[in-house]
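Quick mapping for you: the protein sequence lines, in order, are chains A and B.
For the first sequence, the residue numbers in the working numbering are 267 to 474.
For the second sequence, the residue numbers in the working numbering are 267 to 474.
Glycine residues also receive a C-beta, built at the ideal position from the N, C-alpha and C atoms.
Protein chains: 2
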Amino acid sequence: MQALFLTITINITKGQVNIQMERIEGATLEQELALQKARKRVIEAIGNNMDLYGITQSTGHLYGLLFFQNKPMTLDEMGHAMEMSKTSMSTAVRTLVDLKMVNKVWEKGSRKDLYEVELDWFQTFADFFSLKWRKASEINLHALRKSKSELQELSAKYAEDEAFLQQLQADQAKVDEAIRYYSWLNRLIEAFESEEIFKLVPKDLPSR
Amino acid sequence: MQALFLTITINITKGQVNIQMERIEGATLEQELALQKARKRVIEAIGNNMDLYGITQSTGHLYGLLFFQNKPMTLDEMGHAMEMSKTSMSTAVRTLVDLKMVNKVWEKGSRKDLYEVELDWFQTFADFFSLKWRKASEINLHALRKSKSELQELSAKYAEDEAFLQQLQADQAKVDEAIRYYSWLNRLIEAFESEEIFKLVPKDLPSR
DNA sequence: CCGTTTGTACAGTAAATTCTGTACGAAGTT
DNA sequence: AACTTCGTACAGAATTTACTGTACAAACGG
Chain A
267 MQALFLTITI NITKGQVNIQ MERIEGATLE QELALQKARK RVIEAIGNNM
317 DLYGITQSTG HLYGLLFFQN KPMTLDEMGH AMEMSKTSMS TAVRTLVDLK
367 MVNKVWEKGS RKDLYEVELD WFQTFADFFS LKWRKASEIN LHALRKSKSE
417 LQELSAKYAE DEAFLQQLQA DQAKVDEAIR YYSWLNRLIE AFESEEIFKL
467 VPKDLPSR
Chain B
267 MQALFLTITI NITKGQVNIQ MERIEGATLE QELALQKARK RVIEAIGNNM
317 DLYGITQSTG HLYGLLFFQN KPMTLDEMGH AMEMSKTSMS TAVRTLVDLK
367 MVNKVWEKGS RKDLYEVELD WFQTFADFFS LKWRKASEIN LHALRKSKSE
417 LQELSAKYAE DEAFLQQLQA DQAKVDEAIR YYSWLNRLIE AFESEEIFKL
467 VPKDLPSR
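Put into structure tokens, the structure is as follows:
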């Protein structure tokens, strides 16, 4: 089967890039151009702000492309749409899957892997920051606790050395405050993971 | 005045790097090595996890260095401690100041700029994510709202074209859901900025 | 008002990251 | 079993980002 494509130009922070969108069946060119214009604005905005999630600009655009694709895509389709190699699509889509921003889906009859965006952005947001924060929190808390106990041992060992004790005290205060902070962060992560955050800050405002 | 230094080796994800810590006055070498060991562990952990904040590893280490420095530092001191050029220190410290992780402080008698870490990590955290999220939220909401109204106009214009309307509907649903998400995100940001987040998730657990 | 000192802009270099093409193992088809 | 097709590992090329040294404007001191 032969597919026709419509080229839309996405403006990025440095220059611009083309995306090939598959033609919508049964629509006139006029209709399609109007629709693509509306889509393009959103794809650009999303793609350009994805650095927040620490992903490449091209990965961000892949995400934008997938967002408006109303069906799952294969790696080859992505490669053609983005005018990039299949290898790049493979790595890009994997980072998106790792971040749970994109899901791999199964479709009977197809040997190819299919991908579509996770449309629940609340979930995407919560998953992403849980993941990132938890990693930092675990490592840092571990280091802080170990150093805290070392500092305590030193305080005991050099209990008569006034000047050194004072120095130790300053460090201990900092470490304790950092531990306090990470304990709080852990509770915040907990609220994200348990979805309790949506009780605290509701998804929708109560309609009056 | 002449200052002596103690070299500590920081392990980073790729290789390692030296940091020159100023000698603590009146402490024995034994004491100091023990203290630096405890500090080093925390500096390493912090520095290696700062990619979360989208900053360079070296900027992360500068932050770690400043964290345990119990007095403000000048650019020259940082340059010496990090074994890097003053230019690099200037740019690194500026990104930290922009992120409100480090404050510029004044000291009478000194012509040099002095910097110290913001020790209130709750504030640092809230400021950082407010800043980042707000930027993305504003731009994306603007794009989404504009595209939403365009889609509505198209729906009116092509009210008889069943197939195209269906396509529009799919896009509108996505845009609406995205707007719903960003409205929620704005309220979350609000909670961070107003410090209401600390009512919802308290800094300290009530002691029983 | 001239000589210092300080911080940063800028251009060039060094280093790291992203992207591509080839190659190959895994899985499906004939 | 031989033949396709698919996804990704890997190495090298292309691009981007980080770092350095020089130069200079701003602020201060004599």
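**Q.** Chain-ordered chain B contacts of LEU410/A [CB-CB under 8 Å]
**A.** VAL308 and ALA311
Q) Expressed to the nearest angstrom, what Euclidean distance is found between the alpha-carbon atoms of GLY313/A and GLN302/A? A) 15 Å
Q. Within the chosen definition, does the region 321-334 of chain B reach the region 453-471 of chain A through at least 3 CB pairs nearer than 8 Å?
A. Under the 8 Å Cβ criterion, the region 321-334 of chain B does not count as touching the region 453-471 of chain A, having fewer than three qualifying pairs.
(Q) So, at 6 Å on beta carbons, what are the nonlocal neighbours of LEU355/B in its own chain, with the 5 sequence-adjacent residues on each side left out? (A) Inspection of the sequence shows that residue 355/B is occupied by Met rather than by Leu. If we look at MET355/B and ignore the five residues flanking it on each side, its Cβ neighbours are LEU341, MET344 and GLY345.
Q. To which residues of the same chain is ASN336/A closer than 7 Å at the C-beta, ignoring the five residues directly before and after it?
A. none
Q | Contact list for TYR424/B against chain A, beta-carbon separation under 8 Å | A | For TYR424/B, the neighbours in chain A by C-beta distance under 8 Å run, in chain order, GLN297.
**Q.** ARG305/B, buried or exposed, once every other Cβ within 10 Å from all chains shown has been counted against 16
**A.** Its Cβ being crowded by 16 or more others within 10 Å, ARG305/B is buried.
Q: Tell me GLN282/B's beta-bridge partners as DSSP assigns them.
A: ASN277/B
**Q.** Among VAL283/B, LEU299/B, GLN282/B and GLY281/B, the one whose alpha carbon lies nearest that of ARG289/B
**A.** LEU299/B
Q: Please look up how many angstroms separate the CB atoms of LYS219/B and ASP393/B, rounded, as I've assumed it's under 8 Å.
A: Residue 219/B is absent from the structure shown; chain B starts at 267 and stops at 474.
(Q) Judging by CA-CA distance, which residue of GLY326/A, GLY320/A, LEU407/A and LEU397/A is the nearest neighbour of ARG446/A? (A) LEU407/A
Q: Give a yes or no on whether the C-beta atoms belonging to ALA311/A and GLN433/B are separated by under 8 Å.
A: Taking C-beta atoms as the reference points, ALA311/A and GLN433/B fail to come closer than 8 Å.
**Q.** Own chain residues within Cβ distance below 8 Å of GLN389/A, not counting five before or after
**A.** LYS366
**Q.** Assigned secondary structure, VAL348/B (DSSP; H/G/I helix, E/B strand, else coil)
**A.** It is Met, not Val, that sits at residue 348/B in the sequence shown. DSSP places MET348/B in helix when its eight states are reduced to three.
Q) At what residue ranges does the region 322-399 of chain B contain a whole run of the alpha helix (DSSP H), taking only runs of 4 or more? A) 323-334, 341-348 and 352-364
Q: Run down chain A in chain order and give the residues with a C-beta less than 9 Å from the C-beta of LYS374/B.
A: None at all; the shortest Cβ gap to chain A is about 23 Å.
Q. Is LEU233/A buried or exposed, if buried means 16 or more other CB atoms sit within 10 Å of its CB?
A. With chain A represented from 267 up to 474, any question about residue 233/A goes unanswered, as that position is not in the structure.
Q | Listed by chain order, chain B residues near VAL365/A by CB distance under 7 Å | A | In the sequence on display, residue 365/A carries Leu and not Val. Near LEU365/A there are no residues of chain B at all, since even the closest Cβ is about 13 Å away, more than 7 Å.
Q. With a cut-off of 8 Å, does the C-beta of ASN336/A fall near any C-beta of chain B?
A. yes
Q: For chain A, find out if any of its Cβ atoms is closer than 8 Å to the Cβ of ALA444/B; answer yes or no.
A: When Cβ-Cβ separations below 8 Å define contact, ALA444/B makes contact with chain A.
Q. Under 8 Å Cβ-Cβ, which residues of chain B neighbour LYS398/A?
A. LEU318
Q: Kindly confirm or deny that the region 396-411 of chain A and the region 446-456 of chain A touch, where touching means at least three C-beta pairs closer than 8 Å.
A: yes
Q.
Using beta carbons (cut-off 8 Å, strictly below), is PHE271/B in contact with chain A?
A. no
**Q.** Minimum C-alpha distance to GLN438/B - residue among THR322/A, PHE334/A, ASN284/A and ILE274/A
**A.** Among THR322/A, PHE334/A, ASN284/A and ILE274/A, the Cα nearest to that of GLN438/B is on PHE334/A.
**Q.** Beta-carbon proximity of PRO338/A to VAL308/A, cut-off 8 Å
**A.** no
Q: Give the straight-line distance between the Cα atoms of LEU385/B and LYS440/A, rounded to the nearest whole angstrom.
A: 8 Å
Q | Whole-angstrom distance between LEU466/B and LEU466/A, CA atom to CA atom | A | 6 Å
Q) Should SER376/B be labelled buried (16 or more other beta-carbon atoms within 10 Å of its own) or exposed? A) exposed
Q) Is the CB of ASP393/A under 8 Å away from at least one CB in chain B? A) ASP393/A has a beta carbon lying at 8 Å or more from every beta carbon in chain B.
Q | Any non-hydrogen atom of the ligand ADP closer than 7 Å to PHE430/B Cβ | A | What this structure holds is no ligand at all, so the ligand ADP is not there to describe.
Q | Distance between ILE285/B and LEU272/B (C-alpha atoms, nearest Å) | A | 8 Å
Q: Would you mind reading off the limits of the alpha helix (DSSP H) that contains VAL441/B?
A: 428-459
Q) Going by alpha carbons, who is nearest to GLN282/A out of ASP317/A, GLN323/A, ALA425/A and GLN297/A? A) GLN323/A
(Q) Using a Cβ-Cβ distance cut-off of 8 Å, determine whether ALA347/B contacts chain A. (A) Among the residues facing chain A, ALA347/B is not included, as its CB has no counterpart in that chain under 8 Å away.
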